[in-house]
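Undergrad: Okay, here's the structure, questions in a sec.
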Amino acid sequence: MNLGFSGFDKESKHQANVRLAIKLGAKPPKNQYRNYREILEEKKAAKEQEEDTASKRRQGQLAYGAIQSYNKNQQRKREKQRNPNAIMKHYGIAKPRKRKMSLPFAPSSAQIPSGKAVSKQLKKKAAEFLACTRATSTLVEIIEYFKECLARKAPITPCLLTLEYLFTELIRRGDIRPADTGAQNNVPLAKDPQANHKQWLQAHYGEAFDMIIDGMHHEKEGEASQALAAAMKLLAVESHHRPEADQFPMARLKQILTAMLSTECLNKHLFNRFLEYASYLDVIFYCWKTVPSLVPRSGAPPSDAFKHNFLLLLDAILFGKEKMKEADNVLCVPLGDGFDYTLVRKQINRTWGFVMNWQHSVGVHEQLLILLLEKVFIHLDKPVLLTDFLMDSLDVGGTVSVLALQGVFVLIQQHNLTYPNIYEKLYSMFEPEIFHTKFKARLFYLADIFLSSSHLPEGLVAAFVKRLARLSLIAPPQDIVIILRFIGNLILRHPALKRLIFHPTGGEASSDPYVMEERDPMKSKALESSLWEIAALQNHVLPSVASAARFISNPLPSVEWDLSEVLEISENDIFHKEMMSKTQDFFVNIDRPTAPPPAPTFRKRVPLFHLFRIAMDSVLKPIQRFLYIGSDVPFVLDPPQQLDVEIGKKILGTVVKPAESEAAPSTTGETVQQNSNPKKNNPKTVKQEGEKGVKKEEGNKPNTTKDATAPANAAEPVPAKPLHPVLALIKTTYKSKTLRRTDECLFALAYCARNLPTPEERHTVYDLLVELIRASNDLLAFVAYYIQLATQSGHAGFGHGLRSAITRWYDRFSPTELAEVLVRSTAYAGWTHKDLIAKVHPKLQCADKQTLIDAATKRTSQLQQKKAPEKKGKKKKQKGKAAAPLQQQQPPAANTSKAFKRYQVLLQFKSVMTVGKALELIKLHGGKGRLELLPKHLRRSAKIWEALYANLSYRELLHAVLPLQDFRLLKEGEPNAKAYADSLTKRLDALEGEHIHPIEVQTVAILYAKGRRYATHVKEAFHALHQTEMCPPVKDILLGLNDAFEHSFDHHPKTGVRYYIALDLRCVHDKKQIFRNEAVTCFQASVMLAFCIFKREKAVTVVAFTDEEQTLAPVAFEPTMTWDDALKHCVGLMLPKTKVSLAAPIKHADAQKVKVDMFITITDSLIRVNPTRRPPVAEMAEYRKKTKLPLSRYLAISLSRHLPSLEFSPDSDTGGILEMVGHSAGNAKLIEAFAKNQFF
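Last residue of the sequence shown: number 1240 in full-length UniProt numbering, and the count goes up by one each step with no gaps.
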């Protein structure tokens, strides 16, 4: 008991008062706040102390064992002296024992227990030497131990780190003054002892540096890479503390490069590590000053290993022209006069001349061509001198010929090279072996460019088509799709080749006149053959290949297929797609149950309609998921893949056609076609039969249909019937603003129109078509899906219901709106408005609308001058009415309606050819919505853009910055750049109205800052082949994009959902790119998704994974934070390693009793953090039960891996769990839809 406080100091008085207050009933104070990092450091220090204690204990035990061994040895000696003839009795059979290595400075009886102990001893010795550099024996011991490790090929990383730290400190102190040469060995010893000591340190530093260079030849790649890193760091320290200012240590750099250029083994790991230092401008410059001296010029030719290493070195230090702008990016010394590109280019040409004179093996030849095409071409003074080399390379064959073909293409395109037999060479490259090389995509890309001209001889193109068709019979499935798309594009470019599809005398497999062995394509008789190979592929076992081969049986599209979409498809993608769509597991209980039946329980009776609603909801959930993500599994890929028709038919068939779904599904319409007339196998015959069916249906249609289309004014109001559940779901989904694309909804509408059982329900689909679809592309896509389903079922053609619906769709627009629709619409999904009108023949009541419809099909004059035919048996007209036909024969008056004038004005915009005429039209008629009408060549004019800035939508204005930079129209100080920057800043209210997501703005801003046009690697690589130097980004435009980016966080509507977001903030993610987007890193993408939701919603909890699996660190975002503040805050939370558990956020929220509607976990690869592929199904079920939130959902986002990483058992409910890949505004829409429970 404290009787008084007078004798206490201030702290003791405070503690006594606190104890007294607690005794009187007050609550004890909370524990004082401590940083979590300090607690971790204390735990780490305590753990190290325990390990040190255990190490000392082991050393004591070893010492005790050494004493016991010494006593036993002495006892043996005494026994040997007493009885010399009993040697075998005392020693036994000799067994050789491997000698254990120990540190030279360790006690003779103690062995090194582990690598950590060696590192501690080395650090301790280094600290002792730095404390007293006169203790020279310590440095000698460290170097001797390093030498022993090198001799025994033991791990050398502890020695490297110790020597690096030790000599770095000595150089910084000035105890070692590095010189560029080894002349210090020849300097006589001075009389001053301090100078002698420094010379001694200098000599041992040179010896240690040579040993570090020898460590680069270590047999373990990790140890060799660490030796390279240590040498480069010492080189950087030397340059910063050299007596000569701004002098680069050239001798050290040459020593390092010489060690990397081994003649015995490939040092790819060293060059991968050297890339970190090759990004600095001074290292590149001085490497090129050194490289020519490293090339052997006399004696025996270099080995293949040296050639590979030398090309890897050139690959590491070659650079693009944008690198020269980074003047401050140096490792050692700044370049005083700037980067001397003239000198470096001279060195590059000189070095490349030496390399070209070598004898190349196939591997070296391939590596040489890749380096030439990607990095060397832009630096050569006279690329035409490579002509002979590339011509010889074309004759090698295989991948070397493909790479050489690209080089020839560059010379033809940029340097006007003429090569007469280039098409014969290209023709000969299409051999079966090409499908098993890694450059087949490059060959198809080059062939597409070479055959892009429509003026090539038909015989030549036909030979390529026929050769590719023959190769498709033996090609892998993923390559068959590429070949079929390529053949389709060639036929579209040369319409005369359509006769190859069904040539009357083309023969079949047994009698094909085409000569495959002929090397000259013009003599192969390809025009006399037919494409029976593609017809055979329509029966391929893979539905994707069979559907791709059916393009010859359908009307050809008006737009070519994009080959870039199929060039990246691999066998694993096709296999995984088929497995996910076809495979189902069924569990069967083969044991008879032995437990007694459960006791009967009495429950409250549930109404029948409620049971029906529950059953219907469970059936509609897969359809709802399909409409949003286009799949039957909870997996979303960005960008979305092409719609899988077979999956859609399987999902929709369970509700739309339940009777047929129970039977074995037929993926193609082959059975129906086989039982029908064989003439229908010909697509032309199918088309004619379909048109006849339409005419027949028009003649025999009942009166009820006519009455249905006419307005029923006198009819009594009939109560509207409820929509079919699928149609109601399609209607709700189509109208939602969170749908990333409409393809799935349009396919579902087309499927219902073809397969609903009753005519009334099918006519409901047509009414819904007129009500929902507003955009032209959506209508054309619906028609394409409708025709595709009709062709597969064997009933091609338009029915009266569809024709009437399309007529009403045109009639819903005003005349002015219809003019805009007809002019602005382009070909989509192989259909145009002209094709649709020619198929439907719409008759509109409004004369202005009908005039526009006729003008769209170019039938205005014919219809105006056409005379109505007189029916037989009709009496002649009276004489008073005989003057009417004479009036009709007079030339018609010009149409002066407002809509038709608008139609003509829009056509003028599409056909204008000069900038002056376009500016006059914009000034006269306005520029709103005119950008997409103008021809593309006018977009290279700055005046056109200046006239359109005020009339563009903000999304068009935002995305215009990339083509403007590509066309070099945005330069610092020019009026166009200033006008664009002002438009970005002054029109932020339009940004709010269009609800542009911050992800979209961020991607555009990063691409502009980096000087890129596309975010994907393939598109940017193809674009860079034809792109010269781009203009640097304008400062005002960067500021405008940044303002738009910050402003885009604040205008999105709130959803009211409670979020719990867990981020994986590893240090590696700051350099790792996301899937198909090289502009944004995984770290930026994860922070962006979390910060967007935090700025929009009220109830958001953001946490980060730590190095302990069940521990989550809070991410303290604040509403007033900017994007840069949020990024800096998350940088402070990054860790070298993290342990991610998908169930940890659920358990954490459950422990804190936080009610969550949506869990989001974001990482780079779910398969890395969750190798068992187990989704948190059980944890989510338990959490829903405890919190009574049955609709709580879980979203796992994988930013870099593009394949599904979660495996669901067939009996588990996948509802409420979704896996997502990628980072885009479309994915952000899906996250919002999933959070609102629009699909589950």
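Idealized CB from N, CA, C, for every residue including glycine.
Give me whichever residues DSSP pairs with Trp1123 in a beta bridge.
TA: Residue mapping note: residue 1123 aligns to position 1123 of the sequence shown, counting from 1. According to DSSP, which records beta bridges pairwise, Trp1123 is partnered with nothing at all.
Undergrad: Taking 6 Å as the limit between beta carbons, can you name the residues of its chain near Leu440, skipping five residues before and five after?
TA: By 1-based counting over the sequence shown, the position of residue 440 is 440. The amino acid at residue 440 is misidentified as Leu; the sequence shows Lys. The residues are Ile434.
Undergrad: Under the rule that 16 or more other beta-carbon atoms within 10 Å means buried, what is His360, buried or exposed?
TA: One-based indexing of the sequence shown puts residue 360 at position 360. Classification for His360: buried.
Undergrad: Mark Asp9 as exposed unless 16 or more other C-beta atoms lie within 10 angstroms of its C-beta, in which case mark it buried.
TA: For the purposes of this step, residue 9 is taken as the residue at position 9 of the sequence shown. That one is exposed.
Undergrad: When we look at the beta-carbon of Leu611 and count the other beta-carbons within 10 Å, is it buried (16 or more) or exposed?
TA: Translated into positions along the sequence shown, residue 611 becomes position 611. Model confidence at Leu611 stands at a pLDDT of 36, short of 50, so the residue's coordinates are unreliable; what they give is reported in the following sentence. Per the 10 Å Cβ criterion, exposed.
Undergrad: Once you ignore the five residues that flank Leu473 on each side, which residues in its own chain have a CB closer than 8 Å to its CB?
TA: Within the sequence shown, the letter at position 473 stands for residue 473. Counting only Cβ-Cβ distances below 8 Å, and skipping sequence neighbours, we find Glu533, Ala536 and Leu537.
Undergrad: Determine the extent of the alpha helix (DSSP H) in which Pro998 is found, giving its start and end residues.
TA: In the sequence shown, counting from the first residue as 1, residue 998 sits at position 998. Where Pro998 is concerned, the enclosing alpha helix (DSSP H) stretches over Pro998 to Lys1010.
Undergrad: Just to check my reading of the structure: Tyr734 and Thr742 have Cβ atoms closer than 8 Å, yes? What is that Cβ distance to the nearest angstrom?
TA: In the sequence shown, residue 734 corresponds to position 734, counting from 1. In the sequence shown, residue 742 corresponds to position 742, counting from 1. 7 Å between Cβ atoms; contact.
Undergrad: Count the other CB atoms within 10 Å of the CB of Ile853; is the residue buried (16 or more) or exposed (fewer)?
TA: The residue you call residue 853 lines up with position 853 of the sequence shown. With 16 or more other Cβ atoms within 10 Å, it is buried.
Undergrad: Taking its Cβ as the centre, do 16 or more other Cβ atoms sit within 10 Å of Gly353, making it buried, or is it exposed?
TA: By one-based count along the sequence shown, residue 353 stands at place 353. Exposed.
Undergrad: Please state if the CB of Val1154 and the CB of Tyr1014 are separated by a distance shorter than 8 Å.
TA: Working through the sequence shown from its first residue, we reach residue 1014 at position 1014. Working through the sequence shown from its first residue, we reach residue 1154 at position 1154. No, Cβ-Cβ distance for Tyr1014 and Val1154 is not below 8 Å.
Undergrad: Note the first and the last residue of the continuous alpha helix (DSSP H) segment covering Thr1101.
TA: The count along the sequence shown starts at 1 and reaches residue 1101 at position 1101. Taken as a continuous stretch (DSSP letters only), Thr1101 belongs to no alpha helix (DSSP H), being part of the beta strand (DSSP E) at Val1100 to Phe1105.
Undergrad: May I ask which residues mark the beginning and end of the beta strand (DSSP E) holding Met1134?
TA: Here residue 1134 refers to the residue found at position 1134 of the sequence shown. Element bounds for Met1134: n/a, residue is neither H nor E.
Undergrad: Measuring alpha carbon to alpha carbon, tell me which residue in Gln904, Pro757 and Pro759 is nearest Leu818.
TA: Walking along the sequence shown from the start, residue 818 turns up at place 818. The shortest Cα separation from Leu818 among Gln904, Pro757 and Pro759 belongs to Gln904.
Undergrad: Give me the Cα-Cα distance between Leu567 and Glu458, rounded to the nearest whole angstrom.
TA: Translated into the one-based positions of the sequence shown, residue 567 becomes position 567. Translated into the one-based positions of the sequence shown, residue 458 becomes position 458. The straight-line gap from Cα to Cα measures roughly 26 Å.
Undergrad: Can you tell me which of the three DSSP states Thr758 falls into?
TA: Residue numbering aside, residue 758 sits at position 758 when the sequence shown is read from its first letter. Looking at Thr758 - three-state DSSP - the assignment turns out to be coil, as it is neither helix nor strand.
Undergrad: For Met1220, does the count of other Cβ atoms within 10 angstroms reach 16, so buried, or fall short, so exposed?
TA: On the sequence shown, residue 1220 is found 1220 positions in, with the first residue counted as 1. With 16 or more Cβ atoms within 10 Å of its Cβ, Met1220 is classed as buried.
Undergrad: Have a look at Gly1222 and Arg1076 and give me their C-alpha separation to the nearest angstrom.
TA: Position 1222 of the sequence shown, counted from the first residue, corresponds to residue 1222. Position 1076 of the sequence shown, counted from the first residue, corresponds to residue 1076. Their Cα atoms are separated by approximately 8 Å.
Undergrad: Starting from Ser547, trace the alpha helix (DSSP H) both ways and give me its first and last residue.
TA: Looking up residue 547 in the sequence shown gives position 547. Its alpha helix (DSSP H) spans residues Pro543 to Ala549.
Undergrad: Taking the CB atoms as reference points, tell me whether Leu1195 and Asp1157 lie closer together than 8 Å.
TA: As a first step, residue 1195 must be located in the sequence shown, where it is residue number 1195. As a first step, residue 1157 must be located in the sequence shown, where it is residue number 1157. No, the Cβ-Cβ distance between Leu1195 and Asp1157 is not below 8 Å.
Undergrad: Quick one: complete alpha helix (DSSP H) runs, 4+ long, within the stretch 1133-1204?
TA: As far as the stretch 1133-1204 is concerned, its whole alpha helix (DSSP H) runs of at least 4 residues are 1144-1151, 1166-1169 and 1177-1187.
Undergrad: Drop a sphere of 10 angstroms on the beta-carbon of Asn572, count the other beta-carbons inside from all chains shown, and report buried for 16 or more, exposed for fewer.
TA: Taking the sequence shown and counting its residues from 1, one reaches residue 572 at position 572. Exposed is the call here.
Undergrad: Taking a contact to mean a Cβ-Cβ separation below 8 Å, would you say Arg762 touches Leu756 in this structure?
TA: Within the sequence shown, numbered from 1, the residue matching residue 762 stands at position 762. Within the sequence shown, numbered from 1, the residue matching residue 756 stands at position 756. Yes. Within cutoff.
Undergrad: From the DSSP output, in three-state form, read off Glu518 for me.
TA: The sequence position of residue 518 within the sequence shown is 518, counting from 1. Coil at Glu518, not helix or strand.
Undergrad: Using 10 angstroms around the beta-carbon of Tyr70, count the other beta-carbons present and answer buried if the total reaches 16, otherwise exposed.
TA: By one-based count along the sequence shown, residue 70 stands at place 70. Looking at its Cβ environment, which holds fewer than 16 other Cβ atoms inside 10 Å, Tyr70 is exposed.
Undergrad: Which residues in the same chain have their Cβ closer than 6 Å to the Cβ of Gly215, if we skip the five residues on either side of it in sequence?
TA: If you number the sequence shown from 1, residue 215 lands on position 215. The residues are Ile156 and Ala227.
Undergrad: According to DSSP, is Glu1219 helix, strand or coil?
TA: Indexing the sequence shown from 1 puts residue 1219 at position 1219. Of the three classes helix, strand and coil, the one that applies to Glu1219 here is strand, per DSSP.
Undergrad: Tell me the DSSP secondary structure of Pro292 in three-state form.
TA: Here residue 292 refers to the residue found at position 292 of the sequence shown. Pro292 falls in the helix class under three-state DSSP.
Undergrad: Nearest-angstrom Cα distance between Asn951 and Glu994?
TA: As a working note, residue 951 is residue 951 in the sequence shown. As a working note, residue 994 is residue 994 in the sequence shown. One C-alpha to the other measures close to 14 Å.
Undergrad: Evaluate residue 1267 with the Cβ neighbour count: other Cβ atoms within 10 Å of its Cβ, from every protein chain shown; 16 or more gives buried, anything less gives exposed.
TA: No information on residue 1267 is available, as it lies outside the stretch 1 to 1240 that the chain covers here.
Undergrad: For Gln1073, which three-state DSSP category applies?
TA: By one-based count along the sequence shown, residue 1073 stands at place 1073. Strand at Gln1073.
Undergrad: Should Arg1058 and Leu1135 be called a contact, given that it needs their Cβ atoms to be closer than 8 Å?
TA: Residue mapping note: residue 1058 aligns to position 1058 of the sequence shown, counting from 1. Residue mapping note: residue 1135 aligns to position 1135 of the sequence shown, counting from 1. For Arg1058 and Leu1135, no; Cβs fall outside 8 Å.
Undergrad: With Ile552 as the anchor, note down where its alpha helix (DSSP H) starts and where it stops.
TA: For this step, residue 552 is matched to residue 552 along the sequence shown. Segment: none, Ile552 is in no alpha helix (DSSP H) and carries neither H nor E.
Undergrad: Just confirm the distance between the C-beta atoms of Ala829 and His997, as a whole number of angstroms; I'd bet it's less than 8 Å.
TA: The residue you call residue 829 lines up with position 829 of the sequence shown. The residue you call residue 997 lines up with position 997 of the sequence shown. That pair is no contact at about 27 Å.
Undergrad: Under a three-way DSSP split, which group does Thr738 fall into?
TA: Within the sequence shown, numbered from 1, the residue matching residue 738 stands at position 738. Thr738: coil per DSSP, three-state reduction.
Undergrad: Looking only at its own chain, which residues have a Cβ that is under 6 Å from the Cβ of Val362, when we skip the five neighbours before and after it?
TA: As a first step, residue 362 must be located in the sequence shown, where it is residue number 362. Hits under 6 Å: none found.
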